[in-house]
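Each remark here refers to the structure printed beneath this line.
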Amino acid sequence: MSDVPYTPRRIGVMGGTFDPIHNGHLVAGSEVAHRFGLDEVIFVPTGRPWHKEGAADGVVARTVSPAEHRYLMTVIATASNPDFTVSRVDIDRTGVTYTVDTLGDLRREYPDDQLFFITGADALESILTWQNWEELFELANFIGVSRPGYALDASHLDDYLATKPADALQTMEIPALAISSTDCRARAREGRPVWYLVPDGVVQYISKHGLYRKETT
Ligand code: ATP
Ligand code: MG
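With full-length UniProt numbering applied, the sequence shown corresponds to residues 1 to 217, in that order.
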């Protein structure tokens with residue numbers, strides 16, 4: 001009936017361990033959505049994050065909180081924003097999570113839409129170590145955002161990106177929030193406040209379920 005051509009939607013993808021999700025993640029999603037005119041930002045909690053397994057570099061891995069807790073905190077944190085959604089693709093896939101699988105699954109789910117993978121400066125720094133990293137740029141555009149304590153620098157990708165469209169990787173400064181999940185966990189463990197670092201509902205969720213009380217990292 002309709003001959004109107006489909007206008008591809010512009011979808012942001014914010015992957016993370018979200019243990020717990022904090023305001024730095026939410027500001028990154030919001031700022032990128034505004035600047036790049038995104039229709040939606042999908043937050044994707046990892047299953048078992050490969051870089052937090054620890055075995056490879058001989059460091060004893062900290063235990064990542066159960067996926068359902070991280071998923072529910074992400075739902076609570078994003079619920080009030082009509083443009084934010086949460087995907088279970090990574091937590092429902094068995095095995096270790098690789099971003100290339102995340103983006104592959106979302107590509108299949110949204111075959112006609114444009115994906116923008118949002119990553120903080122620290123993650124961008126290590127992108128060359130990611131599984132099948134070259135394939136990532138075939139699956140999505142990348143948006144690197146600033147993060148206090150890390151240089152927002154993509155020069156390590158210059159050679160590779162020279163042959164790619166100019167918008168394959170873009171960077172943007174966002175308001176500096178010196179918040180990390182590691183610090184939030186330490187605060188919860190030591191009985192210090194996490195108020196205003198994470199959304200109110202996440203403060204309450206952490207307390208209700210006694211998360212981060214034991215020594216992890
Ligand atoms: P952890 O301390 O456990 O590593 P984290 O705070 O780094 O947690 P992650 O879940 O590892 O959070 O990060 C998910 C994504 O969000 C990454 O791309 C990361 O660079 C980005 N990110 C996290 N915190 C910030 C922040 N404060 N500002 C900008 N980007 C951030
Ligand atoms: Mg991190």
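Ideal Cβ placement from N, Cα and C applies to all residues, glycine included.
query: Can we count G37 as close to ligand 1, meaning its CB is less than 6 Å from some heavy atom?
result: Here residue 37 refers to the residue found at position 37 when the sequence shown is read from its first residue. No; taking the cut-off as 6 Å, the Cβ of G37 has no heavy atom of ligand 1 nearer than that.
- prompt: Nearest-angstrom Cα distance between R10 and E173?
  reply: Counted from its first residue, the sequence shown places residue 10 at position 10. Counted from its first residue, the sequence shown places residue 173 at position 173. Approximately 20 Å, taken between the alpha carbons.
- prompt: Any heavy atom of ligand 1 closer than 6 Å to the CB of T171?
  reply: Here the question's residue 171 lines up with position 171 in the sequence shown. No, since every heavy atom of ligand 1 falls outside the 6 Å radius drawn around the Cβ of T171.
Nearest-angstrom Cα separation, counted from Y71 out to V86: Residue numbering aside, residue 86 sits at position 86 when the sequence shown is read from its first letter. Residue numbering aside, residue 71 sits at position 71 when the sequence shown is read from its first letter. Approximately 8 Å between the Cα atoms of the pair.
- request: Decide if L124 is buried, meaning its Cβ has at least 16 other Cβ atoms within 10 Å, or exposed.
  value: Mapped onto the sequence shown, residue 124 falls at position 124. Per the 10 Å Cβ criterion, buried.
- request: Check each candidate in A186, P148, G15, P199 and name the one with the smallest Cα separation from L211.
  value: Locating residue 211 in the sequence shown gives position 211, counting from the first residue. Of A186, P148, G15, P199, the residue nearest in Cα terms is A186.
query: Three or more beta-carbon pairs under 8 Å between the stretch 107-126 and the stretch 11-31, yes or no?
result: yes
Identity of the residues DSSP links to M172 by a beta bridge: Numbered from 1 along the sequence shown, position 172 holds the residue referred to as residue 172. Paired residues: V145.
message: Distance check for S207 and Y98, CA to CA, integer angstroms please.
response: For the purposes of this step, residue 98 is identified with residue 98 of the sequence shown, where counting begins at 1. For the purposes of this step, residue 207 is identified with residue 207 of the sequence shown, where counting begins at 1. Computed Cα separation, rounded: 30 Å.
- prompt: Using 8 Å as the threshold, is the stretch 191-202 in touch with the stretch 75-91, meaning 3 or more CB pairs across them?
  reply: yes
message: Could you check whether P148 and I91 sit closer than 7 Å to each other, using their CB atoms as the reference points?
response: For this step, residue 91 is matched to residue 91 along the sequence shown. For this step, residue 148 is matched to residue 148 along the sequence shown. No, the pair does not count as a contact, with Cβ atoms beyond the cut-off.
field: For Q114, the first and last residue of its enclosing beta strand (DSSP E)
entry: As a first step, residue 114 must be located in the sequence shown, where it is residue number 114. Here the beta strand (DSSP E) through Q114 covers 114-120.
message: Can you find the residues in the same chain that come closer than 6 Å, C-beta to C-beta, to D39, ignoring five residues on each side of it along the sequence?
response: Translated into the one-based positions of the sequence shown, residue 39 becomes position 39. The residues are R9, R10.
message: What does the Cβ neighbour count give for L197, buried or exposed, with the cut at 16 atoms within 10 Å?
response: Position 197 of the sequence shown, counting from 1, holds the residue named residue 197. The residue in question, L197, is buried, as its Cβ has 16 or more Cβ neighbours within 10 Å.
message: Quick check on G47: buried or exposed, where buried means 16 or more other Cβ atoms within 10 Å of its Cβ?
response: One-based indexing of the sequence shown puts residue 47 at position 47. Under this definition G47 is a buried residue.
- prompt: According to DSSP, is R108 helix, strand or coil?
  reply: The residue given as residue 108 occupies position 108 in the sequence shown. In this structure, R108 counts as helix in the three-state DSSP scheme.
task: Work out the CA separation of R62 and A55 for me, nearest whole Å.
output: Reading the sequence shown from its first residue, position 55 is the one you call residue 55. Reading the sequence shown from its first residue, position 62 is the one you call residue 62. The predicted model places A55 with a pLDDT of 44, which falls under 50 and marks its position as unreliable, so this point remains unresolved.
- prompt: If you follow the alpha helix (DSSP H) that R9 is part of, which residue opens it and which one closes it?
  reply: Translated into positions along the sequence shown, residue 9 becomes position 9. Segment: none, R9 is in no alpha helix (DSSP H) and carries neither H nor E.
query: By the 10 Å Cβ neighbour count, where 16 or more other Cβ atoms means buried, how is E191 classified, buried or exposed?
result: Here residue 191 is taken as the residue at index 191 of the sequence shown, counted from 1. One point to set straight first is that residue 191 is Gly, not Glu, in the sequence displayed. So G191 ends up on the exposed side.
message: Give the list of continuous alpha helix (DSSP H) stretches no shorter than 4 residues that lie fully inside the stretch 182-214.
response: 200-209
field: CA nearest to the CA of R35, picked from Q170, D158, I21, C184
entry: Locating residue 35 in the sequence shown gives position 35, where the first residue counts as 1. Comparing Cα-Cα distances from R35 to each of Q170, D158, I21, C184, the minimum goes to Q170.
- prompt: Closer than 6 Å from C-beta to any heavy atom of ligand 1: which residues, in chain order?
  reply: G16, T17, F18, D19, G24, H25, A28, T119, G120, D122, A123, V145, R147, L177, I179, S180, S181, T182
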